[in-house]
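Scroll down for the structure; my scribbles are underneath it.
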Amino acid sequence: MDHHTPGARPDPSDPESEAASGTEPEALEQHSATLAEVSAELAAARAKADDYWDQLLRARAETENLRRRQATELEKAHKYALDGFVRELLQVHDSLELGHAAALEEGADIAKLREGNDLTLKLLDDVMARFGVAPVDPQGAAFNPEFHQAMSVQPRADLAPNTVTAVLQKGYTLNGRLVRPALVMVSRAA
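Here the UniProt record's numbering is used: position 94 in the sequence shown is 94, and no number is missing along the way.
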């Protein structure tokens with residue numbers, strides 16, 4: 001029967017007690033080695049965690065700087081998006097001013113004014129084409145409600161129903177997207 005009481009000293013005559021006390025320094029030494037190993041691993045893990053934390057903070061700062069830089073660039077892009085278009089339109093404006101001044105002169109040559117007007121219109125068409133603006137001029141085409149707005153209907157025996165008979169105002173697209181529909185007259189069966 002075992003009569004060990006907690007907190008009691010081991011009996012030196014007890015063989016179990018002797019075996020336990022003989023291994024105690026070895027166990028202590030083993031625990032010390034394990035403790036040193038765990039402490040080293042803990043220190044390495046803390047260093048790694050500190051490094052990861054530093055990387056995280058740097059990444060957050062870099063992301064915030066990138067976000068600010070992109071916001072500034074986007075603001076500039078919105079602010080100056082029309083810069084090239086305006087530069088090109090200034091040529092048209094200058095041409096219109098010259099034509100207007102010429103028309104105000106006494107004895108203005110109507111033929112030259114028309115020629116200047118035609119050249120100015122061609123210049124404007126070229127500028128618009130360079131920037132992806134295309135006219136919607138559906139004269140004689142089938143009515144398309146996606147690009148045309150019917151203003152009136154005419155009975156016509158010589159045309160198929162729903163054919164554009166007249167374009168009252170051209171429509172325009174910007175890079176394929178409708179900006180303004182063409183205002184048209186459409187045929188119906190007579």
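Cβ atoms here follow ideal geometry from the backbone N, Cα and C, with glycine treated the same way. Remember, it's a predicted structure, so these values are computed and weren't measured experimentally.
| Item | Value |
| --- | --- |
| Same chain, Cβ closer than 6 Å to Q149, five either side skipped, listed in chain order | P181 and L183 |
| Boundaries of the beta strand (DSSP E) in which L178 is found, first to last residue | R177 to R180 |
| Helix, strand or coil at Y52 according to DSSP, with G and I counted as helix | helix |
| Q149 - containing beta strand (DSSP E), residue span | H148 to P155 |
| Residue range of the alpha helix (DSSP H) that includes L168 | Looking at the DSSP string, L168 is not in any alpha helix (DSSP H); the run it does join, the beta strand (DSSP E), is V164 to Q169. |
| CA-to-CA distance, R60 to S39, given in whole angstroms | 31 Å |
| Alpha-carbon to alpha-carbon, V127 and P145 | 27 Å |
| Sequence-distant residues of its chain with Cβ nearer than 8 Å to M151 (five each side left out) | L168, L183, V184 and M185 |
| C-beta contact flag for T120 and L96 at 8 Å | yes |
| Close Cβ partners of A166 (< 6 Å) along its chain, the five nearest in sequence each way excluded | M185 |
| Same chain, Cβ closer than 7 Å to G99, neighbours up to 5 away in sequence not counted | L113, G116, N117 and T120 |
| Backbone CA spacing between A20 and R46 [nearest angstrom] | Low confidence applies here, because A20 scores a pLDDT of 49, under 50, leaving its location unreliable and the question unanswered by this model. |
| Cβ-based neighbour list, K170, same chain, cut-off 7 Å, excluding 5 preceding and 5 following | P135, V136, D137 and A182 |
| Option nearest L178 by Cα separation, candidates V133, L159, T163 and P161 | V133 |
| Among D125, P25 and D158, nearest to G173 - alpha-carbon criterion | Here the sequence assigns Thr to residue 173, which means Gly is not the residue at that position. Closest by alpha carbon: D125. |
| Three-state class that DSSP yields for L124 in the structure shown | helix |
| Residue burial classification, V164 (beta-carbon count within 10 angstroms, cutoff 16) | buried |
| Proximal residues to Q139 (C-beta, below 7 Å), its chain only, five neighbours per side dropped | V164 and V167 |
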